[in-house]
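Undergrad: Provided herewith is a single structure, encoded as structure tokens, for subsequent inquiry.
2 protein chains.
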Amino acid sequence: MNQNKIPQATAKRLPLYYRFLNNLHIQGKSRVSSKELSEAIKVDSATIRRDFSYFGALGKKGYGYNVEYLLGFFRKTLDQDENTPVALIGVGNLGTAFLNYNFTKNNNTKIEMAFDADKRKVGKTIGDVQIYHIEDLEDNLENISVAILTVPVSEAQNITDRLINAGISGVLNFTPARITVPEHVRVHHIDLAVELQSLAYFMKHYPLEHEEEQ
Amino acid sequence: MNQNKIPQATAKRLPLYYRFLNNLHIQGKSRVSSKELSEAIKVDSATIRRDFSYFGALGKKGYGYNVEYLLGFFRKTLDQDENTPVALIGVGNLGTAFLNYNFTKNNNTKIEMAFDADKRKVGKTIGDVQIYHIEDLEDNLENISVAILTVPVSEAQNITDRLINAGISGVLNFTPARITVPEHVRVHHIDLAVELQSLAYFMKHYPLEHEEEQ
DNA sequence: TAAATGTCGTGAAATTATTCACTTAATCCA
DNA sequence: TGGATTAAGTGAATAATTTCACGACATTTA
Ligand SMILES: NC(=O)c1ccc[n+]([C@@H]2O[C@H](COP(=O)([O-])OP(=O)(O)OC[C@H]3O[C@@H](n4cnc5c(N)ncnc54)[C@H](O)[C@@H]3O)[C@@H](O)[C@H]2O)c1
Ligand SMILES: NC(=O)c1ccc[n+]([C@@H]2O[C@H](COP(=O)([O-])OP(=O)(O)OC[C@H]3O[C@@H](n4cnc5c(N)ncnc54)[C@H](O)[C@@H]3O)[C@@H](O)[C@H]2O)c1
Numbered sequence: 001m002n003q004n005k006i007p008q009a010t011a012k013r014l015p016l017y018y019r020f021l022n023n024l025h026i027q028g029k030s031r032v033s034s035k036e037l038s039e040a041i042k043v044d045s046a047t048i049r050r051d052f053s054y055f056g057a058l059g060k061k062g063y064g065y066n067v068e069y070l071l072g073f074f075r076k077t078l079d080q081d082e083n084t085p086v087a088l089i090g091v092g093n094l095g096t097a098f099l100n101y102n103f104t105k106n107n108n109t110k111i112e113m114a115f116d117a118d119k120r121k122v123g124k125t126i127g128d129v130q131i132y133h134i135e136d137l138e139d140n141l142e143n144i145s146v147a148i149l150t151v152p153v154s155e156a157q158n159i160t161d162r163l164i165n166a167g168i169s170g171v172l173n174f175t176p177a178r179i180t181v182p183e184h185v186r187v188h189h190i191d192l193a194v195e196l197q198s199l200a201y202f203m204k205h206y207p208l209e210h211e212e213e214q
Numbered sequence: 215m216n217q218n219k220i221p222q223a224t225a226k227r228l229p230l231y232y233r234f235l236n237n238l239h240i241q242g243k244s245r246v247s248s249k250e251l252s253e254a255i256k257v258d259s260a261t262i263r264r265d266f267s268y269f270g271a272l273g274k275k276g277y278g279y280n281v282e283y284l285l286g287f288f289r290k291t292l293d294q295d296e297n298t299p300v301a302l303i304g305v306g307n308l309g310t311a312f313l314n315y316n317f318t319k320n321n322n323t324k325i326e327m328a329f330d331a332d333k334r335k336v337g338k339t340i341g342d343v344q345i346y347h348i349e350d351l352e353d354n355l356e357n358i359s360v361a362i363l364t365v366p367v368s369e370a371q372n373i374t375d376r377l378i379n380a381g382i383s384g385v386l387n388f389t390p391a392r393i394t395v396p397e398h399v400r401v402h403h404i405d406l407a408v409e410l411q412s413l414a415y416f417m418k419h420y421p422l423e424h425e426e427e428q
């Protein structure tokens with residue numbers, strides 16, 4: 001834990017590497033080079049080699065990387081074996097989409113329970129996930145450390161405070177609110193309106209440039 | 215256009231600034247400092263001042279920024295007056311959520327039409343947006359330059375090729391596929407599974423750090 | 001009016017991330 | 001087997017971004 005301090009930019013790419021290696025493995029490929037990886041995931045090959053090298057020498061010169069070995073390595077590194085249970089708060093448009101999808105494909109993250117304020121939704125299940133009333137949040141949140149926040153923006157800070165009080169230490173925030181949290185809590189904001197606007201801005205103002213941006 | 219080349223990191227924050235200034239304006243505030251802005255949107259105040267300074271001297275020493283003036287400035291800079299029409303491809307879980315929401319709040323971006331391969335969906339409207347059959351893509355896409363891609367991953371590259379052929383030059387890609395596009399097309403990937411995984415990774419490996427990440 | 005205060009704008013420094021380009025070692029093939 | 005080829009790993013260069021810290025100046029207060 002917190003071993004050799006991988007750069008943040010690298011850490012963000014790890015799940016991408018993992019998923020792509022998994023695809024290769026399923027396809028039966030046993031070998032891959034940084035160049036092939038680069039073409040597939042649109043990350044410069046030197047960046048890939050640099051990223052991997054933070055973890056030591058994972059490849060073989062003149063050969064490339066062994067898919068199975070690399071996959072196993074990242075499985076451990078990304079703790080793919082231990083499950084990260086997740087709660088979803090706000091079963092509206094976006095929340096419902098996430099419940100139906102539930103990140104099942106090849107992940108260690110799974111939405112275990114959902115909460116909403118709307119009594120008509122409480123008691124139902126969507127995609128196998130039980131929906132509880134938000135009043136019962138504190139009673140039901142045992143052992144869950146990550147929350148996906150898809151409530152109306154006006155509720156965001158208030159619900160966040162309750163989540164943290166109930167022991168959550170990571171929030172994936174889809175509301176436009178820039179929520180305030182204590183030091184030990186990690187928040188990632190995914191602001192879809194901003195993404196769309198910024199895409200439009202780049203198209204207008206950076207014509208013909210081509211830098212893959214997430 | 216392409217004026218003085220604003221750094222990409224800055225450009226990505228502009229819509230955030232705009233939205234927050236708009237909120238302040240609605241609340242009737244006429245004045246704001248970089249420190250206040252910083253606390254509200256969790257971006258270092260020096261970064262905010264630096265960002266603004268790329269556009270010239272927008273503030274007044276000892277006073278701060280005039281909300282109305284700044285808002286007007288960003289409205290022009292972000293082309294908030296001319297509309298950017300958007301098409302959405304794939305009216306499934308995620309696509310339906312976006313159509314219902316439609317980024318209406320205070321934006322210049324609006325989903326104008328949607329496409330799907332499922333005949334049962336074609337002809338309907340969701341949130342005022344008409345759904346066409348994907349076969350009719352090329353016939354209907356006039357004057358639209360941005361697409362939101364929410365089709366199954368297996369369709370992503372194929373549909374992208376058709377979109378580009380039909381004149382699209384910006385894609386907001388929600389599929390896990392890292393699509394290949396020509397130089398002049400801009401793609402932003404929003405990979406929700408990766409976001410969730412990377413949040414989990416940071417929580418495990420970077421305990422007690424606190425750097426707001428989008 | 002003068003002093004105290006607040007806050008911008010920005011050089012310079014620091015940090016972080018990417019990319020170049022080369023050495024080295026392994027593989028491939030004739 | 002040996003020479004040609006491939007591709008990892010990495011020091012160093014470069015690029016991008018953030019942050020520090022302070023001078024200058026407007027505002028506010030006494
Ligand atoms: N849907 C989109 O495409 C989209 C895009 C960008 C941002 N967002 C943001 O995501 C959030 C959710 O959007 P949405 O379209 O799903 O909204 P929505 O109104 O469809 O869903 C919100 C859900 O939260 C529930 N809720 C309200 N108060 C609650 C509370 N106190 N506790 C628990 N649940 C509560 C409501 O009952 C509802 O089911 C919003 O903040 C929105 O701004 C959505
Ligand atoms: N739903 C989520 O929470 C979520 C999360 C992460 C990633 N994603 C990704 O987003 C994409 C959409 O996810 P979803 O859950 O909405 O899937 P979905 O299956 O619910 O929706 C896909 C839609 O695309 C339509 N479609 C299929 N082929 C098409 C074609 N050739 N042209 C036009 N339309 C076509 C289908 O009819 C369907 O309506 C997927 O790639 C998925 O991996 C979704």
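Chains as they are written, first to last, in our numbering: chain S, 1 to 214; chain Z, 215 to 428. The C-beta atom is built at its ideal place from N, Cα and C for all residues, glycine as well.
1. With a cut-off of 8 Å, does the C-beta of serine 45 of chain S fall near any C-beta of chain Z?
2. At a Cβ threshold of 8 Å, is serine 383 of chain Z touching chain S?
3. Tell me which same chain residues have a C-beta within less than 6 Å of the C-beta of glycine 273 of chain Z, skipping the five on either side of it?
4. Determine whether the beta carbon atoms of isoleucine 131 of chain S and alanine 156 of chain S lie at a separation below 8 Å.
5. How is threonine 339 of chain Z classed by DSSP in three states: helix, strand or coil?
6. Just the C-alpha distance for threonine 104 of chain S and lysine 110 of chain S, rounded to the nearest angstrom, thanks.
7. For threonine 298 of chain Z, which beta-bridge partners are listed by DSSP?
8. Please report the straight-line C-alpha distance between histidine 419 of chain Z and leucine 71 of chain S, rounded to a whole angstrom.
9. Just to check my reading of the structure: serine 198 of chain S and proline 229 of chain Z have Cβ atoms closer than 8 Å, yes? What is that Cβ distance to the nearest angstrom?
10. Considering Cα atoms alone, identify which of Z/Ser244, Z/His402, Z/Met417, Z/Tyr277 is closest to glutamine 222 of chain Z.
11. Report whether the distance from the Cβ of asparagine 307 of chain Z to the nearest heavy atom of ligand 2 is below 7 Å.
12. Take phenylalanine 20 of chain S and list the residues in its own chain whose beta-carbon comes closer than 8 Å to its own, dropping the five residues that flank it on each side.
13. Where aspartate 353 of chain Z and glycine 309 of chain Z are concerned, what is the direct C-alpha to C-alpha distance, given to the nearest angstrom?
14. Since serine 198 of chain S meets chain Z, which of its residues come closer than 8 Å, beta carbon to beta carbon?
15. So is serine 247 of chain Z in contact with chain S if we call contact Cβ pairs under 8 Å?
16. Opposite phenylalanine 115 of chain S in the DSSP bridges: which residues?
17. For proline 176 of chain S, return the contacting residues in chain Z, with the cut-off set at a CB-CB distance below 7 Å.
18. Measure how close the beta-carbons of isoleucine 348 of chain Z and phenylalanine 329 of chain Z come, nearest whole angstrom, since I'm counting them as under 8 Å.
19. Is histidine 313 of chain Z near tyrosine 232 of chain Z, with beta carbons less than 8 Å apart?
20. With distance defined between alpha-carbon atoms, name the residue in Z/Lys290, Z/Gly341, Z/Tyr415, Z/Thr224 nearest to serine 169 of chain S.
21. Taking Cβ to Cβ, would you say valine 153 of chain S is nearer than 8 Å to alanine 117 of chain S?
22. Kindly say whether asparagine 93 of chain S, judged by its beta-carbon, lies nearer than 8 Å to any beta-carbon of chain Z.
23. Answer with buried or exposed for asparagine 387 of chain Z, where buried requires no fewer than 16 other C-beta atoms within 10 angstroms of its C-beta.
24. For lysine 76 of chain S, tell me which candidate among S/Asn102, S/Asn107, S/Val185, S/Val86 has the shortest Cα-Cα distance.
25. For tyrosine 283 of chain Z, which of Z/His239, Z/Asn372, Z/Ala225 has the nearest alpha-carbon?
26. Is any heavy atom of ligand 1 found at a distance shorter than 7 Å from the C-beta of proline 152 of chain S?
TA: Well, looking at it:
1. no
2. yes
3. Tyr279
4. no
5. strand
6. 7 Å
7. Z/Thr323
8. 19 Å
9. 5 Å
10. Z/His402
11. yes
12. Leu37, Ala40, Ile41
13. 21 Å
14. Ala225, Lys226, Leu228, Pro229, His402
15. no
16. S/Ile89, S/Tyr132
17. Arg233
18. 5 Å
19. This sequence places leucine at residue 313 of chain Z; histidine is not what is there. Taking 8 Å as the Cβ cut-off, leucine 313 of chain Z and tyrosine 232 of chain Z do not qualify as a contacting pair.
20. Z/Tyr415
21. no
22. yes
23. buried
24. S/Asn107
25. Z/His239
26. yes
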